[in-house]
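Numbering (the numbering used here), first residue to last: 315 to 786.
Heads up, the beta-carbon is just placed ideally off N, CA and C, and yes, glycines get one too.
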Ligand SMILES: [Fe+2]
Ligand SMILES: [Fe+2]
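Below, the structure written as structure tokens:
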């Protein structure tokens, strides 16, 4: 059997790439830069191959193909969800019209900006997670890390495809920039704050995939409503992959809580730091941090830009089609979080201006589900402790509460009180050092680190002790 050099083989796609020579060549010249970025900024742990899911098409059978593959040979493809021929624009001034197949000139700059911001987050998280392989608690977890990483790489491809296909030379330049900015870089950082934070340990990784990937879910959910049909279809397929990332976070924290609860009961103590597991107050601090920086990703409580995006049809609301209103929102009002006379409160604004708050609230409701689930694990273990989401004003650096400091209970604090008590609420050096001290790699088949419980199930019906990763 010969391997064909056909480009459509090298970049699997369902967008008929071979029919557009120019686009094909443009992506062909971007590909080595992507691979170079992957080699230098992607996972640093050397591996032979990993049991990965690869999207080979979008249909029910095609999209999740499992097998051992060397990561640098992973087939990052371009996949859009099937076109819905009956689709009409669901909101804004173009409501009821057919969706756009091309980018309208008047919205070009805004659409390009939205795609670049989304695109920038995808490689950023790969960079943030690049050294985690060295301390994986099991081969199962290591495999999940790499799965998340290759799919974020694919999401970068998804956004780069849109930039190349619809935004001409400027789009190609932006695609290059997506590989040049780096998470945490002083000269050219990633665009959004949370994507320049470190992910130095596995508790952070689970919190990141629970809270920050979930922000991604909500952002993609608004872009899936877009009048620009290729953007909508791209995001719809990305959302399918994204759910696995959040699964990794949800069940990762489940397993941390489960293990800590076991050790608390076995030793009849809350103070389990000496027993090699993560104390619940430390879990709470990590939760406080990742939740609050993820809330910032939704932007200010009010935004005229976002109002304009909505009216123009560029970006909708979460579950737009399930909302029982006129989908224009020109006459509606909405209560948003605000500083009222310097105090934490709410204020009424035009509904269109409050769309960031609307999206953040949907996200907060979703985050609460995880907390309930972790608390159920504690309750079933017979423990009285509970985890909780901090107040929306806690540790915010963007929006109405950026100017003030507040406790997790939502009590306003002076700068002094805040700096005194900060270490009780956010991971301090002692917490971080302790968590890092637990991060000893377990790369042996069927074994797991002592600070986390094993998963209930393996991947794709395989057992926990499957050889998910072959190290070099
Ligand atoms: Fe993603
Ligand atoms: Fe993700």
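Assigned exposure category for residue i - 16 Cβ within 10 Å defines buried
i           : result
residue 450 : buried
residue 529 : buried
residue 646 : exposed
residue 423 : exposed
residue 278 : This structure cannot speak to residue 278, because the chain is shown only from 315 to 786.
residue 709 : buried
residue 736 : exposed
residue 774 : exposed
residue 546 : buried
residue 638 : exposed
residue 603 : buried
residue 415 : exposed
residue 348 : buried
residue 654 : exposed
residue 766 : buried
residue 540 : buried
residue 437 : buried
Residue i versus the options, residue with shortest Cα-Cα distance
i           : options            : result
residue 364 : 378, 573, 347, 382 : 382
residue 780 : 761, 766, 765, 786 : 761
residue 649 : 720, 438, 558, 616 : 616
residue 666 : 469, 627, 775, 748 : 627
residue 387 : 437, 442, 324, 405 : 324
residue 643 : 684, 511, 672      : 672
residue 632 : 669, 516, 494, 702 : 669
residue 534 : 469, 357, 742      : 469
residue 611 : 765, 574, 598, 531 : 531
residue 412 : 544, 463, 600, 494 : 544
residue 746 : 783, 715, 595      : 595
residue 356 : 334, 778, 371, 385 : 385
residue 679 : 430, 703, 458      : 703
residue 392 : 326, 448, 439      : 326
residue 675 : 700, 705, 696      : 705
residue 406 : 777, 635, 691      : 635
residue 663 : 621, 729, 593      : 621
residue 661 : 609, 714, 518      : 714
residue 277 : 520, 519, 497, 517 : The question about residue 277 has no answer here: the residues shown for the chain are numbered 315 through 786.
Check: residue i C-beta below 7 Å from any heavy atom of ligand 1
i           : result
residue 530 : yes
residue 615 : no
residue 705 : no
residue 436 : yes
residue 521 : no
residue 753 : no
residue 552 : yes
residue 469 : yes
Bridge partner(s) assigned by DSSP for residue i
i           : result
residue 392 : 327
residue 812 : Not covered by the structure: residue 812. The range shown for the chain is 315 to 786.
residue 381 : 366
residue 352 : Answer by DSSP bridge pairing: none, since residue 352 is not bridged.
residue 720 : 726
residue 361 : 785
residue 414 : 542
residue 714 : In the DSSP output, where bridge partners are listed per residue, residue 714 has none listed.
residue 647 : 664
Distance cut-off 7 Å: residue i Cβ against heavy atoms of ligand 2
i           : result
residue 580 : no
residue 604 : no
residue 466 : yes
residue 462 : yes
residue 527 : yes
residue 556 : yes
residue 559 : yes
Original post:
What are the start and end residues of each continuous beta strand (DSSP E) run of 3 or more residues lying completely inside the region 649-703, in chain order?
Top reply: 657-664
Subject >> Contiguous alpha helix (DSSP H) assignments of at least 4 residues, all confined to the region 512-591 >> reply: 516-521, 527-537, 543-581
**OP:** Within the region 472-497, note down every full alpha helix (DSSP H) run reaching 4 residues or more, in order along the chain.
**Re:** 482-494
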